[in-house]
Every structure is written in C-alpha cells, then in structure tokens.
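Chemist:
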Amino acid sequence: MSAATATTTAIIDQTDKQRRALLLVFCCTLFGAAAQVLIKTGATHLAHPSLLTAALGMVTNKFLFCGYSLYGISTILLVIALKDGELSITYPVIALTYVWVAMLSYFLMHESMGLYKIIGISLIVTGVAIVGKAKR
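First residue of the sequence shown? That's 28 in my numbering, and the numbers climb one at a time after it.
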C-alpha cells in the first residue's frame, strides 16, 4: 500500500468516525428531549415537589424513572460520540435538544409557540447548520 493510499484511507476512516459521532450526538438530542418531557410529566405528578420527593419519585414515579434513565442513556451516547468526534463540532449539535423540547411541548403538552420561540428555534437550527458547514 502506498503512502498516498494509506493517507486517503486514514482520512476516510476519520470522516466515518466523525459522521458516526454526529449521528450519536443527534440521538443524544432526541433522548435528552424525551427525557425532559418525561421529567416534566413526572414532576406534575408529585404532590409537593422537593429534593426528597423528587429523589423518591425517581424510583416510584414511572415518568421520572424513565426520564432520568433516558438522560443516562443520552450521557453514555455522548461519551461514546466524544471519543471520536471533535468537541467543537459535536457539542453545538446538543443545542438541537431545545428545538425538540419546544416541538414536543407544543404537540404533546399544548404549550404556546409564539413568534419569539419560533425565531429562537430558527436561530438555533441556523447556528448548528453553520457550525456543521464550517467543518466541511
């Protein structure tokens, strides 16, 4: 194998690793958003929210349990993604969690979606796209 072929193969391998890292971080955003919605739902089922009831609720409240579990899965995926991905590229993608939470809140919890939220979401998506484009 020539030096040029080895270099090309190494670049392709690194590109594949970066792509996998971005895909994992994207999955983190989905898990994180679902976790936040579940935790919000679980919190509404607590009689008197406090540190103690939230801690106990994590075990006894299925919504809190599932939400915290999804946060754990999201964290594990993030660690795996950061192993091969560039932090300056992968981490800004996590901002998409805010987009998913806003959408889930609107559709599942019937929260309002005003002009400023739409502008903010648009800015987040644009920012993530610019960071992704800058890498190429």
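All C-beta atoms, glycine included, are put in the ideal place defined by N, C-alpha and C.
If you're wondering where the values come from, they're calculated on a predicted model, not measured in any experiment.
Grab the span of the alpha helix (DSSP H) containing THR112 for me, first residue to last.
Modeler: Just to set this straight, residue 112 is Gly in the shown sequence, not Thr. Element bounds for GLY112: n/a, residue is neither H nor E.
Chemist: Am I right that LEU57 and ILE107 are in contact with their C-beta atoms under 8 Å? What's the rounded C-beta distance?
Modeler: Contact flag wrong, Cβ pair sits at about 15 Å.
Chemist: Could you give the distance in angstroms between the alpha-carbon of ILE151 and the alpha-carbon of SER77?
Modeler: 32 Å
Chemist: Pick from VAL126, LEU83 and THR42: whose alpha carbon is nearest that of CYS55?
Modeler: VAL126
Chemist: According to the neighbour-count rule (16 or more other Cβ atoms, all chains shown, within 10 Å of its Cβ), is GLY154 buried or exposed?
Modeler: exposed
Chemist: Can you find the residues in the same chain that come closer than 8 Å, C-beta to C-beta, to TYR133, ignoring five residues on each side of it along the sequence?
Modeler: SER139 and MET140
Chemist: In the DSSP assignment, find the unbroken alpha helix (DSSP H) run with SER132 in it and report its ends.
Modeler: 123-135
Chemist: Give a yes or no on contact between the region 100-118 and the region 72-86, applying the rule of three or more CB pairs nearer than 8 Å.
Modeler: no
Chemist: For a test of the three-state rule: what should DSSP assign to PRO119, helix, strand or coil?
Modeler: It is helical.
Chemist: Measuring alpha carbon to alpha carbon, tell me which of HIS137, LEU131 and ILE146 ends up nearest GLN63.
Modeler: LEU131
Chemist: Looking only at C-alpha atoms, which of LYS160, ALA129, GLY84 and ALA48 sits nearest to SER149?
Modeler: ALA129
Chemist: Given that a residue counts as buried once 16 or more other Cβ atoms are within 10 Å of its Cβ, and exposed if not, what is THR42?
Modeler: So THR42 counts as exposed.
Chemist: Answer yes or no: do VAL120 and LEU49 have a C-beta to C-beta separation smaller than 8 Å?
Modeler: yes
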